[in-house]
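To keep things clear, I will list the structure first and then write my remarks on it.
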Amino acid sequence: MENILKQYESFNYNSFFENLNLSDIKNIIEKSGDKILDDFEFLALLSPKASTLLESMALKANAITEQYFGKEIHIYAPLYISNICDNECTYCGFKHSNPIKRRHLTFEEIEKEAIYISKTLGIHSIILLTGESCINSIEYLKTSIKILKKYFSTVIIEVQPLSQNEYEILYEAGLDGVTVYQECYHKKTYSKYHLKGNKTDYNYRLETPKRAALANLRAINIGTLFGLGSPVEEAFLAGIHLKYLINNFLRSQFSISLPRIKEAYRNIKPENIVSDKDFVQFLLAYRLAFPMAGINISTRESKNFRDNLLPLGVTKYSAGSVTEVGGYSLSNNSEPQFETDDHRSVQEIVSMLKTNGYQPIFKDWEGAI
Ligand code: SF4
C-alpha cells in the first residue's frame, strides 16, 4: 500500500484542479454508479470546482445508495472497555501523558455492559474499543469477544493494530471485523501528531486492514481523522486505500468513516477545519466513486447534520453512544474519548429513521452454525 501512496507524494493537486473543467466533472457524475471510478475521476469530485455541483452529486448519490442498499440503515453502538493507552497522539484525551482516571474493565463488567446494551438498548451490533496498549493482550480481547458474542450478532474491534495471526485467533473466537483509522495519510504530518508508542509506526498501521482481510474478517472499516492533514489530500488518499482493499480482498466488505475534529477541544485546535460543506462533498465523492462501500456516520456529528446526510449515501449509523469506559451501566465513570454531539436514544433514532422512510437494521449477520 505504501508504494501506491508514494505515487502521490509529490502530486500537484492545485495544478490538477486548475486544469479541470465543469463539463468533465459533470460527465464523471453522470457515469458514476456502475463501477469504481479511477483515481483521477475520484479526485475531480473532491475538487473546488465540483463543490459547485453538489446538488447533482447528491441526486446521483441518493440513486446509487438506493440501488445498492435500499433504504436501510444499520444501527450499532460503541463499547469502551479500556482507556489505558501507551501512545501519545497529540489530539486525543486518552493519550498516555494525560492525567485522567484510567479504567480497564473486568470480564464481569464487560458482561454487565453487554447485557445493558443488548437488552435495554436493543442493539445487536457492537464495536469494542480500547486505548492502544499492551495491557489489551490477545487473551483479554479473545475472552471479551467471546462474552460479547453471547449478546451481539456482530462484534467489531477498534483496538491497537494486530498481526495477521492475532486476527486469526480472534476470528476463531467470533470476531467479525476491525475498524482502524490511519488518522493521517500524509506521512510527515502523521509523525507530527503521533509522538510516542507503537503508533509512531506509520507503515504497520497502514497495512492493518490488509492483515485483517487476510485473516478472513468480513467487515473492515477505515478512514482518516479530518482536522490533521490537508482535507482534500486526506480524503483522496483514504479513498485510494479503500480502492486498493476493495480490489484486492474480495471476501471482505469495506466501509469508510469520516471522523472529524470540528473545533478546539481540550485546548487542541485542528489545523485544518473541515466545514460541513466540505464534509458533504467528501461523503458524496466516496458514494459516487465507491458505489458498494459502506459509509458510517458517528455521533461526533450533530443530530440535524446527521439526519440531513441520510439520503446522501450513509449506510451505518451509531445510536445511543457513550464514549466513556463503563459508561452504560457501571458507576464511577471515566472521561469520554471525545464529546458526542447527537445525544438521542436508540428509540429516538429509530423513530426518526422510520419517519423518513428508512428501515433501521439491527441484525445483519448470523454466523454459520
Ligand atoms: S487516538 Fe487511540 S492510540 Fe492515540 S492516544 Fe487516543 S486512544 Fe491512544
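Residues in the sequence shown are numbered from 0 upward in steps of one, following numbering that gives the first Met the number 0.
C-beta atoms are modelled at their ideal positions from N, C-alpha and C, and glycine is treated no differently.
As assigned by DSSP and simplified to three states, the class of residue i
{"i": "I368", "result": "Its pLDDT being 42, under 50, I368 is placed unreliably by the model, and nothing is read from it."}
{"i": "I134", "result": "coil"}
{"i": "P359", "result": "strand"}
{"i": "E87", "result": "coil"}
{"i": "P230", "result": "helix"}
{"i": "R204", "result": "helix"}
{"i": "G319", "result": "coil"}
{"i": "F235", "result": "helix"}
{"i": "H95", "result": "coil"}
{"i": "Q66", "result": "helix"}
{"i": "R286", "result": "helix"}
{"i": "F16", "result": "helix"}
{"i": "P77", "result": "strand"}
{"i": "L128", "result": "strand"}
{"i": "E1", "result": "helix"}
{"i": "T105", "result": "coil"}
{"i": "S117", "result": "helix"}
{"i": "R305", "result": "helix"}
{"i": "I294", "result": "strand"}
CA-to-CA distance, residue j to residue i, given in whole angstroms
{"i": "N11", "j": "E233", "result": "14 Å"}
{"i": "S229", "j": "K276", "result": "16 Å"}
{"i": "I368", "j": "Y170", "result": "Because I368 sits at a pLDDT of 42, beneath the cut-off of 50, its placement in the model cannot be relied upon, and the following sentence gives the value as read from the coordinates. Cα to Cα, the separation comes out at about 15 Å."}
{"i": "I116", "j": "R217", "result": "23 Å"}
{"i": "T153", "j": "V179", "result": "17 Å"}
{"i": "F106", "j": "D38", "result": "45 Å"}
{"i": "I360", "j": "S297", "result": "16 Å"}
{"i": "H193", "j": "P269", "result": "14 Å"}
{"i": "D175", "j": "G293", "result": "15 Å"}
{"i": "L311", "j": "A57", "result": "6 Å"}
{"i": "H73", "j": "D363", "result": "8 Å"}
{"i": "G231", "j": "Q358", "result": "Residue identity check: residue 231 is Val in the sequence provided, not Gly. Rounded to the nearest angstrom, the two C-alpha atoms are 32 Å apart."}
{"i": "D200", "j": "R210", "result": "15 Å"}
{"i": "L387", "j": "I80", "result": "The question about residue 387 has no answer, for the chain in this structure spans 0 to 368."}
{"i": "I255", "j": "N295", "result": "6 Å"}
{"i": "S46", "j": "L236", "result": "14 Å"}
{"i": "F253", "j": "P98", "result": "36 Å"}
{"i": "G196", "j": "N86", "result": "4 Å"}
{"i": "G173", "j": "K145", "result": "7 Å"}
{"i": "K100", "j": "L309", "result": "36 Å"}
{"i": "H95", "j": "V324", "result": "16 Å"}
{"i": "I114", "j": "N82", "result": "21 Å"}
{"i": "T322", "j": "H185", "result": "27 Å"}
Inter-residue CB distance, residue i and residue j (contact presumed, cutoff 8 Å)
{"i": "I28", "j": "L53", "result": "No, I28 and L53 are not in contact; Cβ-Cβ is about 10 Å, not under 8 Å."}
{"i": "N202", "j": "E1", "result": "6 Å"}
{"i": "L257", "j": "L287", "result": "In fact, because the Cβ distance is near 15 Å, the residues do not count as touching under 8 Å."}
{"i": "K70", "j": "S31", "result": "Not a contact, Cβ separation roughly 20 Å."}
{"i": "C141", "j": "I168", "result": "Note that residue 141 corresponds to Lys in the displayed sequence, not to Cys. About 6 Å separates the two Cβ atoms, so the contact holds."}
Any non-hydrogen atom of the ligand MG closer than 6 Å to residue i Cβ
{"i": "V321", "result": "Among the ligands modelled here, namely the ligand SF4, the ligand MG does not occur."}
Chain D contact for residue i (CB, 7 Å cutoff)
{"i": "N26", "result": "Any reference to chain D falls outside this structure, which holds one protein chain only."}
At least three beta-carbon pairs within less than 8 Å, the segment 13-29 to the segment 239-259: Of all C-beta pairs linking the segment 13-29 to the segment 239-259, fewer than three are shorter than 8 Å, placing the two stretches out of contact.
Exercise answer, beta-carbon shell around the ligand SF4 heavy atoms below 6 Å: Cβ-based neighbours of the ligand SF4 within the cut-off: C84, N86, C88, C91, F93, K94, G130, E131 and K198.
Sufficient close CB pairs (3 or more, under 8 Å) joining the segment 144-152 to the segment 332-347: no
Stretch pair the segment 221-228 + the segment 175-189: three plus CB contacts closer than 8 Å: Verdict: yes, contact present.
At least three beta-carbon pairs within less than 8 Å, the segment 155-172 to the segment 61-70: The count of Cβ pairs closer than 8 Å, one atom from the segment 155-172 and one from the segment 61-70, stays below three, leaving the stretches out of contact.
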